[in-house]
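> Residue numbers (the numbering used here), protein chains in the order written: chain A, 113 to 224; chain B, 47 to 160.
For each residue, glycine too, the CB sits at the ideal point set by N, CA and C.
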Amino acid sequence: KNQVEQSPQSLIILEGKNCTLQCNYTVSPFSNLRWYKQDTGRGPVSLTIMTFSENTKSNGRYTATLDADTKQSSLHITASQLSDSASYICVVSSYNNNDMRFGAGTRLTVKP
Amino acid sequence: NAGVTQTPKFQVLKTGQSMTLQCAQDMNHEYMSWYRQDPGMGLRLIHYSVGAGITDQGEVPNGYNVSRSTTEDFPLRLLSAAPSQTSVYFCASRVLAGVPETQYFGPGTRLLVL
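(1) Per the DSSP calculation, A/His188 is bridged to which residue(s)?
(2) Specify the secondary structure class of B/Gln131 as computed by DSSP and reduced to three states.
(3) Identify the contact partners of B/Gly152 in chain E, using a Cβ-Cβ distance below 9 angstroms as the criterion.
(4) With DSSP run on the structure shown, which of helix, strand or coil describes A/Ser195?
(5) For A/Thr190, collect the residues of the same chain with a Cβ closer than 6 angstroms to its Cβ; drop the 5 residues on either side in sequence, then sort them by chain order.
(6) Look at B/Asp16 and B/Tyr94 and say whether their C-beta atoms are less than 7 angstroms apart.
(7) I'd like the ranges of any beta strand (DSSP E) spanning at least 3 consecutive residues and lying wholly in the region 76–138 of chain B.
(8) Exposed or buried, A/Tyr148, counting other C-beta atoms within 10 Å across all chains shown (16 or more means buried)?
(9) Between A/Ile125 and B/Pro146, is the Cβ-Cβ spacing less than 7 angstroms?
(10) Which residues, taken in chain order from the region 136–148 of chain B, show a beta carbon closer than 7 angstroms to some beta carbon of chain A?
(11) Can you look up A/Glu117 in the DSSP assignment and give me helix, strand or coil?
(12) Less than 8 angstroms between the CB atoms is what I'm expecting for B/Arg123 and B/Met78, so what's the real figure, rounded?
(13) Nearest by alpha-carbon distance to A/Leu194: which of A/Thr182, A/Ala216, A/Ser206 and A/Thr221 is it?
(14) Rounded to the nearest angstrom, what separates B/Leu157 and B/Leu89 at their Cα positions?
(15) Spatial neighbours of A/Tyr207 within its chain, please: CB distance less than 6 angstroms, with the 5 preceding and 5 following residues excluded, ordered by chain position.
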C-alpha cells in the first residue's frame with residue numbers, strides 16, 4: 113500500500129482560477145514533506161520543502177500547508193496560468209532521509 | 047551549471063540485452079539516486095549513493111547495478127533487460143546535510159524493452 117496518497121488524480125480548471133491539491137501520508141517517523149512540479153516529458157522540479165515545525169510555505173503563487181498531526185498536506189495554486197499545467201507530486205521522507213516516498217501525483221490541466 | 051544530465055533520452059532494447067544509463071551532475075552533490083516512474087505510480091527508488099565508492103539498494107533494486115567511482119557520475123546498468131523494466135528512469139542529486147535540501151532531477155531516460 114502506498115504510504116503517500118494524493119487527490120484528486122486529475123483536475124481541470126480555467127485559467128485564473130485557484131485550486132487545491134491534497135496529500136495524505138502514513139510515513140512514520142516523519143521528517144519532511146516536499147511538493148514537486150513535473151511538466152510532461154521532464155524531470156520533477158522542487159516547489160517547497162517543509163519540516164515538522166513548519167505548517168505553511170510559499171513559493172510565488174504556490175502555497176503548501178502541512179498538518180503533521182493529521183498527516184495531511186495541501187498545495188494551493190492561486191490565479192492559475194496555462195504554464196501550471198503539469199503533474200504535482202507529494203513526497204514524504206522519514207527520519208532516514210534516504211527513504212523518500214512519492215505519491216502518484218495529481219495531473220492538473222489549466223484551460224484558457 | 048548544467049545541473050543533472052542523463053543520456054540517452056530514449057532507448058529501445060530487446061529482452062536479454064544489456065545497457066548503461068548515464069547520469070552526471072556538476073553541483074558537487076554527495077547524494078545521487080536513480081528512480082523509475084511507471085504510469086499511475088509514484089517514483090520508486092532503485093539505488094542510491096552517499097558518496098564516491100558508496101552505494102546502496104533502494105525499494106526496487108533487482109535487475110539493476112550501480113557504481114560510483116567519482117562524485118560526478120552515477121551510471122545505472124541493466125544486465126539483462128526484461129519487459130518489466132520498460133519505464134522512465136530519473137537520476138537525482140542533492141547535498142547531504144542535517145536539514146532537508148532541494149533534490150535536483152535529470153530530464154529522464156525513456157526505456158522500452160521488447
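Result, derived from the coordinates:
(1) As a first step, residue 188 of chain A must be located in the first sequence, where it is residue number 76. A/His188 pairs with A/Thr132 and A/Thr175.
(2) By 1-based counting over the second sequence, the position of residue 131 of chain B is 85. If DSSP states are grouped into helix, strand and coil, B/Gln131 belongs with the helices.
(3) The question asks about chain E, but that chain is absent: this structure's protein chains are A and B.
(4) Within the first sequence, the letter at position 83 stands for residue 195 of chain A. Helix, per DSSP.
(5) Residue 190 of chain A sits at position 78 when you count from the first residue of the first sequence. Asn130 and Arg173.
(6) A query on residue 16 of chain B cannot be resolved here, the shown segment of chain B reaching from 47 to 160 and no further.
(7) 77–83, 90–97, 100–103, 110–112 and 122–124
(8) Stepping through the first sequence from its first residue, residue 148 of chain A is reached at position 36. Under this definition A/Tyr148 is a buried residue.
(9) Stepping through the first sequence from its first residue, residue 125 of chain A is reached at position 13. Stepping through the second sequence from its first residue, residue 146 of chain B is reached at position 100. The answer is no: Cβ separation not under 7 angstroms.
(10) Phe136, Pro146 and Thr148
(11) Along the first sequence, one-based indexing puts residue 117 of chain A at 5. It is a strand residue.
(12) On the second sequence, residue 123 of chain B is found 77 positions in, with the first residue counted as 1. On the second sequence, residue 78 of chain B is found 32 positions in, with the first residue counted as 1. Contact flag wrong, Cβ pair sits at about 15 angstroms.
(13) Reading the first sequence from its first residue, position 82 is the one you call residue 194 of chain A. Taking only the C-alpha atoms, the option nearest A/Leu194 is A/Thr221.
(14) Position 111 of the second sequence, counted from the start, is the residue given in the question as residue 157 of chain B. Position 43 of the second sequence, counted from the start, is the residue given in the question as residue 89 of chain B. Between B/Leu157 and B/Leu89, the C-alpha separation is close to 15 angstroms.
(15) Against the first sequence, residue 207 of chain A aligns to sequence position 95. Here the set comprises Pro141 and Ser143.
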